[in-house]
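First up is the structure itself, then whatever we jot down about it.
Numbering (the UniProt record's numbering), first residue to last: 1 to 491.
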């Protein structure tokens, strides 16, 4: 005869298990009404349609003022233009996309049985990725070295545009690698990194204006001055963590910008500084006529030669940043950064001086930001405080987070996606055939870019590169998932 208490406990345990499974399915972020167990294909289709209608209604409500109505400045006030056709098309795209996701993506995830994860498969995949990275790195380096000449040969009419875009991307790659030391390795959330970018740019511009120094002389000085400001920032935030640390770094970035804006007698104020000297090649400028590089080499002068020279300068600076970062990561100071990121209390219990660890992280990251700022000044020839707003810090931080905290190759991919994607959205003229001749894609590029960022972060919450290679290994080097690495943020 069965024991009633045992049967009751077994039923209670089964009920808890079912309840736990329902809770997990509810937290998975998928529509809860698409379950093949209750009802048939008709109930699935109806639930999917209801969910798609709700998504379309939300898109209509959000896009009513952004897409349906357009305001333009006109004599006597604002002129409103109605664009209901574009709003209907946008709502239809959201409706169809959500319906397809419900019917094919979410349904497949629900119906697929859970698979046991074998650690050996993860290890072999990590080893395969490591081997692929080592094999592809020289190829990518060769492509980067030959990129300007490939553009001149393949797209002679647009070569200058593509080379200039690649210079901009490499600048943000260098900035992302510099911030990755502070945020990705040391785990210190810095929202004012653009301040060091501004210090480097203004250091070069002011030294060239008042002392007549050239680019190559001011480049190391800009990095040193930015590193000093990094240490100045590091001292007040030694005892701060998390959100408080982020607020102080944000305030530091705004303080630097306001000083540059209001100190008109020295920095030029809102007018900025113009006439920043261009870099030279062994004292020879890239100009036409006698005394230029083209005249020295006996070749025909072309304005694109200066852009090619700037490209190779920023390429060398970016590779130097990557090399120094990788080497520092394998040194004791790099492992101290990672220990600080994982747990500051445990880091102190191991005898690591957290004060020096934080200061070196801020100073090193700021130094590379100063190098990039100096290059930015010589590339533009003109700088002003408007070039160093909080938006720049947000973009650089988004590059680091999107690529994956602590990942070097992830920063490169994110820079190409973000900076190249923003510039690519300027040329989406084919959208006029869909939304009408009055549609200007440049006005919606930030909206499209923001939606793409949301989709990528939902798809890859730990960044595009979701694996990490530990610096300290035991017997065998194995890549691990990003979910096993702490986010840091100064906690």
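We treat Cβ as the ideally placed atom computed from N, Cα and C, and that holds for glycine.
Of all C-beta pairs linking the stretch 229–246 to the stretch 357–366, three or more are shorter than 8 Å, placing the two stretches in contact. Contact check for residue 463 against residue 405 passes: the beta carbons are separated by less than 8 Å. Residue 421 is a Cβ neighbour of residue 449, given a cutoff of 8 Å. Around the beta carbon of residue 177, a 10 Å sphere encloses 16 or more other beta carbons of the protein chains shown; the residue is thus reported as buried. Contact annotation: the stretch 393–400 does not touch the stretch 153–160, with fewer than three C-beta pairs closer than 8 Å. Between the stretch 365–384 and the stretch 202–214, the count of Cβ pairs shorter than 8 Å is three or higher; the stretches touch. In the three-state scheme derived from DSSP, where H, G and I count as helix and E and B as strand, residue 407 is classed as coil. Bounds of the alpha helix (DSSP H) holding residue 328 are 304–330. The C-alpha of residue 372 is placed about 17 Å away from the C-alpha of residue 190. Annotation for residue 87: the continuous alpha helix (DSSP H) segment containing it runs 84–100. Take the alpha-carbon of residue 43 and the one of residue 102: they are about 12 Å apart. In this chain, residue 290 is not harboured by any beta strand (DSSP E), its DSSP state being neither H nor E.
For the pair of segments examined, the stretch 181–189 was found not to touch the stretch 214–225: the number of CB pairs separated by less than 8 Å stays below three. Distances from the CA of residue 163 to each of 59, 173, 174, 150 were compared; the closest alpha carbon is that of 150. Cβ-Cβ distances below 8 Å link residue 167 to 307, 310, 311, 314, 379 in the same chain, with the five nearest sequence neighbours on each side left out; the list follows chain order. The stretch 46–55 makes no contact with the stretch 72–90, as fewer than three CB pairs between them are under 8 Å.
Residue 338 is classed as buried because its beta carbon has at least 16 other beta carbons within 10 Å across all chains shown.
Annotated as proximal: residue 66 and residue 447, with beta-carbon spacing under 8 Å. Listed as beta-bridge partners of residue 70 by DSSP are 81. Taking 8 Å as the cut-off, the Cβ atoms of residue 415 and residue 169 count as close.
Per DSSP, the unbroken alpha helix (DSSP H) holding residue 376 starts and ends at 354–380. In the DSSP assignment, residue 281 is bridged to 284. Counting along the chain, the unbroken alpha helix (DSSP H) around residue 209 starts and ends at 194–210.
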